[in-house]
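Worksheet for the structure shown next.
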């Protein structure tokens, strides 16, 4: 089966000056309200270092020897060497091979739910052939443009979700110039359903769509919920080896609405600070989830049994929409090679980030769980956000049109009619 990555490029004129973000997050360290009283969150750790940490859990046991090998305290030289060659890949394979020799690990595997066993059976494979990809590596980037695009959209979509892709192409995902001189042009997303289950072969339709829009990136593997992590890993590798040098990457789902002008204004404002402080390589921003624990409800699609993973999750951004630097995408590509795949893609990003000693920044305008309370009904609510999840294709197109029509009202509301902002 296959995976699609419908992706989009946004090129911003780097000569624009005087653009300021309306606001930026005051505190990068965010903990959801009520964390300490919520049973869904992990308790504070009582032990700093345990040699037999989570010994009973399958994934923890696979990852533990790899982490120990690259631990800068236990092996000072391994950390520097590990990110320069492919030795970490052999370490991942070795830990998997050794685990299969252990009777307790084999027994644990056989007791795992069937769908998790399927995931484990394919955990080591990271290489799949590309079926479709754009001719121009960064979408609508102009041939004579020497500077890299500011933002590349990499949106996960399902093969059958043509309406979602088209809605994005016609609205917030238009790729091209956003500085006023040129209009945007379309680019794209990723996939979720398996059309074979419906008796439909849409490969030819996808080829036609790819030829027409030039924005589909597709690999040849089975597209399942647990393989969303594989999509991230394959995209990081593709991005790292492509000629695209986008400053930022937006990764999201195909059912979100993005306030693209506001997002670009925010990123433009951040860029100067990040470059000045030399921290662009660590930059990731989104709606950050803190101190979460695995979902133990066996009817949930996020279900992870204790026998597979033990402990709390690292800090991670909600996968509905997250922005990270192109430099970080390349670092994630390297780090992912020494982190065993994990069924929940958002959590896996957090696992890789933790091992890079980089941490996502929380921004309250990333609404991956929709508007809180009745805030959506407030005046110009969609002008104040960066993204919201989730919305239907019809809603996305309508919201984009409304955003254009109410732009003047929003400026009057903020009393900044003399301030230049990005045109939609």
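Numbering (my numbering), first residue to last: 867 to 1290. Ideal Cβ positions, reconstructed from N, Cα and C, are used throughout, including at glycine. Keep in mind that this is a model prediction, so the values were computed, not measured.
If you reduce the DSSP assignment to three classes, tell me which class residue 1161 lands in. Taking the first residue of the chain shown as 1, we reach residue 1161 at position 295. Strand.
Quick check: the Cα distance between residue 1271 and residue 1249, rounded to an integer number of angstroms? Here residue 1271 refers to the residue found at position 405 when the chain shown is read from its first residue. Here residue 1249 refers to the residue found at position 383 when the chain shown is read from its first residue. Taking the straight line from one Cα to the other gives about 11 Å.
Spatial neighbours of residue 1201 in its chain, beta-carbon cut-off 6 Å, leaving aside the 5 residues before and after: Your numbering for residue 1201 matches position 335 in the chain shown. Excluding positions up to five away in sequence, the list reads 1218, 1221 and 1222.
Taking just the CA atoms, how far does residue 1101 sit from residue 1257? Along the chain shown, one-based indexing puts residue 1257 at 391. Along the chain shown, one-based indexing puts residue 1101 at 235. If I take the Cα positions, the gap works out to 24 Å.
Can you tell me whether residue 1232 is buried or exposed? The criterion is at least 16 other CB atoms within 10 Å of its CB, across all chains shown. Mapped onto the chain shown, residue 1232 falls at position 366. Buried.
Per DSSP, which one or two residues make a beta bridge with residue 924? Residue mapping note: residue 924 aligns to position 58 of the chain shown, counting from 1. Beta-bridge pairing links residue 924 to no other residue.
CA-to-CA distance, residue 1245 to residue 1278, given in whole angstroms: By one-based count along the chain shown, residue 1278 stands at place 412. By one-based count along the chain shown, residue 1245 stands at place 379. C-alpha separation (whole angstroms): 12 Å.
From what residue to what residue does the alpha helix (DSSP H) around residue 989 run? Mapped onto the chain shown, residue 989 falls at position 123. Counting along the chain, residue 989 falls outside any alpha helix (DSSP H), and DSSP gives it neither H nor E.
For residue 1153, does the three-state DSSP call read helix, strand or coil? Your numbering for residue 1153 matches position 287 in the chain shown. Correct three-state label for residue 1153: strand.
What residues in its chain sit with their C-beta under 6 Å from that of residue 1067, if we drop five residues either side in the sequence? Taking the chain shown and counting its residues from 1, one reaches residue 1067 at position 201. So no residue of the chain qualifies.
Any heavy atom of the ligand MG closer than 7 Å to the beta-carbon of residue 1085? This structure lacks the ligand MG, and indeed carries no ligand of any kind.
Leaving out five residues before and five after residue 1140 in sequence, what residues of the same chain have Cβ atoms less than 6 Å from its Cβ? Residue mapping note: residue 1140 aligns to position 274 of the chain shown, counting from 1. Excluding positions up to five away in sequence, the list reads 1146 and 1149.
Taking buried to mean at least 16 other C-beta atoms within 10 Å of its own C-beta, is residue 1228 buried or exposed? Counted from its first residue, the chain shown places residue 1228 at position 362. With 16 or more other Cβ atoms within 10 Å, it is buried.
DSSP on residue 1182, reduced to helix/strand/coil? Stepping through the chain shown from its first residue, residue 1182 is reached at position 316. Residue 1182 falls in the strand class under three-state DSSP.
With 16 as the cutoff for other CB atoms within 10 Å, does residue 959 come out buried or exposed? Taking the first residue of the chain shown as 1, we reach residue 959 at position 93. Looking at its Cβ environment, which holds fewer than 16 other Cβ atoms inside 10 Å, residue 959 is exposed.
For residue 1168, which residues does DSSP report across the bridge? As a position in the chain shown, residue 1168 is number 302, starting the count at 1. Paired residues: none, contrary to the question.
Check this for me: beta carbons of residue 1038 and residue 1124, under 8 Å apart or not? Against the chain shown, residue 1038 aligns to sequence position 172. Against the chain shown, residue 1124 aligns to sequence position 258. It is a contact, given that the beta carbons lie within the stated cut-off.
Closer than 8 Å to chain D by CB, residue 1112: Of the chains in the structure shown, none is chain D; there is only one protein chain.
Through-space distance from residue 1119 to residue 1153, alpha-carbon basis: Numbered from 1 along the chain shown, position 287 holds the residue referred to as residue 1153. Numbered from 1 along the chain shown, position 253 holds the residue referred to as residue 1119. Cα to Cα, residue 1153 sits roughly 14 Å from residue 1119.
Quick check for students: name the residue ranges of the beta strand (DSSP E) that lie wholly in the region 1182-1264, counting only runs of 3 or more. 1182-1191 and 1253-1255
With a 10 Å radius around its C-beta and 16 neighbouring C-beta atoms as the bar for buried, classify residue 972 as buried or exposed. Taking the chain shown and counting its residues from 1, one reaches residue 972 at position 106. Label assigned to residue 972: exposed.
Considering only C-alpha positions, which residue in the set 924, 936 and 922 is nearest to residue 1203? Walking along the chain shown from the start, residue 1203 turns up at place 337. The option with the nearest alpha carbon to residue 1203 is 936.
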